[in-house]
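J.: Quick one: the structure is below, and I'll ask about it shortly.
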Amino acid sequence: GEPQIELSKCIGCLKCVKACPGSALEIFYTKEELEILAALAGQQDLAEDEADPEELARREYVAGYQGVWVFVEQTEGEAARVSWELMGKGKELAAKLGVELCAVVMGHKVEHLCHEAFTYGADKAYLLDQPVLEYYRTYPYLDALCHLIERYKPEIVLMGATGMGRDLAGAVATRVKTGLTADCTGLDIDPKRNLMQTRPAFGGNIMATIMCDRFRPQMATVRSHVMPMPAQTAGRSGKIVHASFPLSESDVFTKVLQVIRDSKAGHVDIAGAEFIVSGGRGMMAKENFAILQELADELGGVVGASRSAVDAGWMPGDRQVGQTGKTVRPKIYIACGISGAIQHLVGMQDSDLIIAINRDKEAPIFEVASYGIVGDLFEVVPAITATLRELKA
Ligand code: FAD
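Take 44 as the starting number for the sequence shown in UniProt numbering and just add one per residue.
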């Protein structure tokens, strides 16, 4: 008769699948079984590693580093928002590792930032407060941060992917001989307690998870608005470590002669906006952005753009959303005449609500849209603006 598989005897060894001359056998696992198999495979890896002397040496070195650090970027005593966003993520990572979350505060007259860091979840703050650190300059900050890292040995150091963070993180990683993953979009901890650093790679076509398992600290930068802002707990306190580092003005070659403030007039912060109306190549011309501005004005929002629109000279570079532009997370993102290339999507797909207007119903932007309107933006956008005006009247 028909060959039968005795299920009570099957141990899932797959030998029958390999041996079957007609390739007629297949084994399927349920989702729960797959999870158990993945967990077993992880345990086996760990057990195999026990015997490897190189692995044992690695573990001993790695165990010498502990704690999650967030570098609190400040300008004139005011912290960058991204530092608090990282504090939220850092708290999660520290909890998974069962270690302390620490803030690193550097500058002059900046102790108040340690207290602010505690309200965002830090357990401890390393404070370097001296006149030479008043304004950011690469060398004194580099020397000071490397000094703290070498002395207190954190396992993870996170920084904002801002102008300052990009400059400092690369220099520090080079000096302390470790790895750095820039512009991460996701951070997590793997079963071996390594930091999983996820970011778009190959022009945004894949998401790569990068690990730095042989060197410490593990360093990553994250852009503003990628991680959510954590809730603040008023009155929460922590321990301040008053660190010191012998560094005087005469050791520093670069001098700050004058600080000229950028005039904020005309500056539009798309990264912090709650409502963004963005235009792409479908806008056809610079003048046509006026209809987006009208809609943005009705919403109390700002106008953004795709790279094609910026490259065409229709919008300034600081309005660009995407991989090489800003990452935004508004309440509502309205994409007008934007096809939805992956490099654009990575900059806006975490918006709370996405409305796409495109005349091509196959446009990839519709895959991330909460609401899609297939039609001519030159009809749809003015109609939305007119309706909003009627509702307000
Ligand atoms: P198109 O792809 O040309 O799309 C125009 C859309 O408008 C089409 O879907 C069309 O159907 C629609 N349309 C035309 N007329 C109308 C109309 N009257 N009504 C309604 N719809 C209409 N891009 C970014 O945006 N940000 C980045 O940061 C970025 N970084 C990049 C980095 C790298 C390394 C690379 C290689 C590319 C990057 N790009 C970036 C470019 C990206 O790949 C796309 O080329 C770009 O996003 C396309 O812009 P678009 O959607 O405006 O134009």
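All C-beta atoms, glycine included, are put in the ideal place defined by N, C-alpha and C. All values reported here derive from a predicted model rather than from experimental measurement.
Does the separation of the CB atoms of GLY323 and ALA286 fall below 9 Å?
T.: For the purposes of this step, residue 323 is identified with residue 280 of the sequence shown, where counting begins at 1. For the purposes of this step, residue 286 is identified with residue 243 of the sequence shown, where counting begins at 1. No, Cβ-Cβ distance for GLY323 and ALA286 is not below 9 Å.
J.: Roughly how many whole angstroms lie between the Cα atoms of GLY150 and ILE408?
T.: For the purposes of this step, residue 150 is taken as residue 107 along the sequence shown, with counting starting at 1. For the purposes of this step, residue 408 is taken as residue 365 along the sequence shown, with counting starting at 1. If I take the Cα positions, the gap works out to 44 Å.
J.: Cα-Cα, which of LEU140, LEU230, ALA384, SER382 is closest to LYS132?
T.: Position 89 of the sequence shown, counting from 1, holds the residue named residue 132. When each option's Cα is compared against that of LYS132, the closest is LEU230.
J.: Sorry if obvious, but does the Cβ on PHE421 come closer than 8 Å to a heavy atom of ligand 1?
T.: On the sequence shown, residue 421 is found 378 positions in, with the first residue counted as 1. Indeed, a heavy atom of ligand 1 lies less than 8 Å from the Cβ.
J.: What would DSSP say about CYS189, mapped onto helix, strand or coil?
T.: On the sequence shown, residue 189 is found 146 positions in, with the first residue counted as 1. Note: CYS189 maps to helix in three-state DSSP.
J.: I want to know whether the segment 191-198 touches the segment 241-252 - three or more CB-CB distances under 8 Å.
T.: Because the criterion of three Cβ pairs below 8 Å is not met, the segment 191-198 and the segment 241-252 do not touch.
J.: Would the C-beta of GLY325 count as close to ligand 1, meaning under 8 Å from any of its heavy atoms?
T.: Counting from 1 along the sequence shown, the entry for residue 325 is found at position 282. Under cutoff, so the answer is yes.
J.: Taking 8 Å as the cut-off, is the CB of SER126 close to at least one heavy atom of ligand 1?
T.: Within the sequence shown, residue 126 is the residue found at index 83, counting from 1. No - ligand 1 has no heavy atom lying nearer than 8 Å to the Cβ of SER126.
J.: In the DSSP assignment, the alpha helix (DSSP H) including ALA300 goes from what residue to what residue?
T.: The residue labelled residue 300 in the question sits at position 257 within the sequence shown. First, the residue type needs correcting, since residue 300 is Leu and not Ala in the sequence shown. LEU300 -> no alpha helix (DSSP H), and no H or E assigned at all.
J.: Please classify TYR108: does DSSP put it in a helix, a strand, or coil?
T.: Numbered from its first residue, the sequence shown carries residue 108 at position 65. Three-state DSSP puts TYR108 in coil, outside helix and strand.
J.: For the beta strand (DSSP E) containing ILE397, name the first residue and the last one.
T.: Within the sequence shown, residue 397 is the residue found at index 354, counting from 1. Start and end: 396-401.
J.: In chain order, what are the residue ranges of uninterrupted alpha helix (DSSP H) at least 4 long that sit wholly in the segment 304-388?
T.: Here the runs fully enclosed are 332-342, 350-354, 385-388.
J.: In the DSSP assignment, the alpha helix (DSSP H) including MET207 goes from what residue to what residue?
T.: As a working note, residue 207 is residue 164 in the sequence shown. Note, MET207: alpha helix (DSSP H), 206-218.
J.: Just curious, the beta strand (DSSP E) that LEU171 is in, first and last residue?
T.: As a working mapping, residue 171 is identified with position 128 in the sequence shown. 167-172 is the span of the beta strand (DSSP E), which, as asked, contains LEU171.
J.: With the cut-off set at 9 Å, would you say ILE416 and ILE398 are in Cβ contact?
T.: The residue you call residue 416 lines up with position 373 of the sequence shown. The residue you call residue 398 lines up with position 355 of the sequence shown. In contact: ILE416 and ILE398 (Cβ atoms closer than 9 Å).
J.: Give the range of the beta strand (DSSP E) segment to which ARG242 is assigned.
T.: Start at 1 with the first residue of the sequence shown, and residue 242 comes out as number 199. Here the beta strand (DSSP E) through ARG242 covers 238-244.
J.: Taking buried to mean at least 16 other C-beta atoms within 10 Å of its own C-beta, is HIS387 buried or exposed?
T.: Translated into positions along the sequence shown, residue 387 becomes position 344. HIS387 comes out buried.
J.: Kindly identify the DSSP beta-bridge partner or partners of HIS285.
T.: Translated into the one-based positions of the sequence shown, residue 285 becomes position 242. Paired residue(s): LEU170.
J.: Could you compute how far the alpha carbon of ALA106 sits from the alpha carbon of ARG259?
T.: Within the sequence shown, the letter at position 63 stands for residue 106. Within the sequence shown, the letter at position 216 stands for residue 259. Approximately 10 Å between the Cα atoms of the pair.
J.: Could you pull out every residue in the same chain whose Cβ sits closer than 8 Å to the Cβ of ARG209, ignoring the five residues on either side in sequence?
T.: For this step, residue 209 is matched to residue 166 along the sequence shown. Excluding residues within five positions, the ones whose Cβ falls inside 8 Å are ALA225, THR264.
J.: Is there contact here, the segment 264-279 with the segment 290-297, by at least three beta-carbon pairs under 8 Å?
T.: No, the segment 264-279 is not in contact with the segment 290-297.
J.: If you check the beta carbons only, do LYS369 and GLY390 fall under 9 Å apart?
T.: In the sequence shown, counting from the first residue as 1, residue 369 sits at position 326. In the sequence shown, counting from the first residue as 1, residue 390 sits at position 347. Against a cut-off of 9 Å, the Cβ pair of GLY390 and LYS369 comes out as a contact.
J.: Between the C-alpha atoms of ILE385 and ASN248, what's the straight-line distance to the nearest angstrom?
T.: Stepping through the sequence shown from its first residue, residue 385 is reached at position 342. Stepping through the sequence shown from its first residue, residue 248 is reached at position 205. Straight-line Cα distance between these residues: approximately 7 Å.
J.: Leaving out the 5 sequence neighbours to the left and right, which residues in its chain are closer than 6 Å to THR252 when beta-carbon positions are compared?
T.: Walking along the sequence shown from the start, residue 252 turns up at place 209. Closer than 6 Å at Cβ, skipping near neighbours: MET239, THR241.
J.: Taking just the CA atoms, how far does THR428 sit from GLU337?
T.: For the purposes of this step, residue 337 is identified with residue 294 of the sequence shown, where counting begins at 1. For the purposes of this step, residue 428 is identified with residue 385 of the sequence shown, where counting begins at 1. Rounded to the nearest angstrom, the two C-alpha atoms are 7 Å apart.
J.: Pick helix, strand or coil for GLN392, following the three-state DSSP scheme.
T.: Along the sequence shown, read from residue 1 onward, the residue named residue 392 stands at position 349. DSSP places GLN392 in coil when its eight states are reduced to three.
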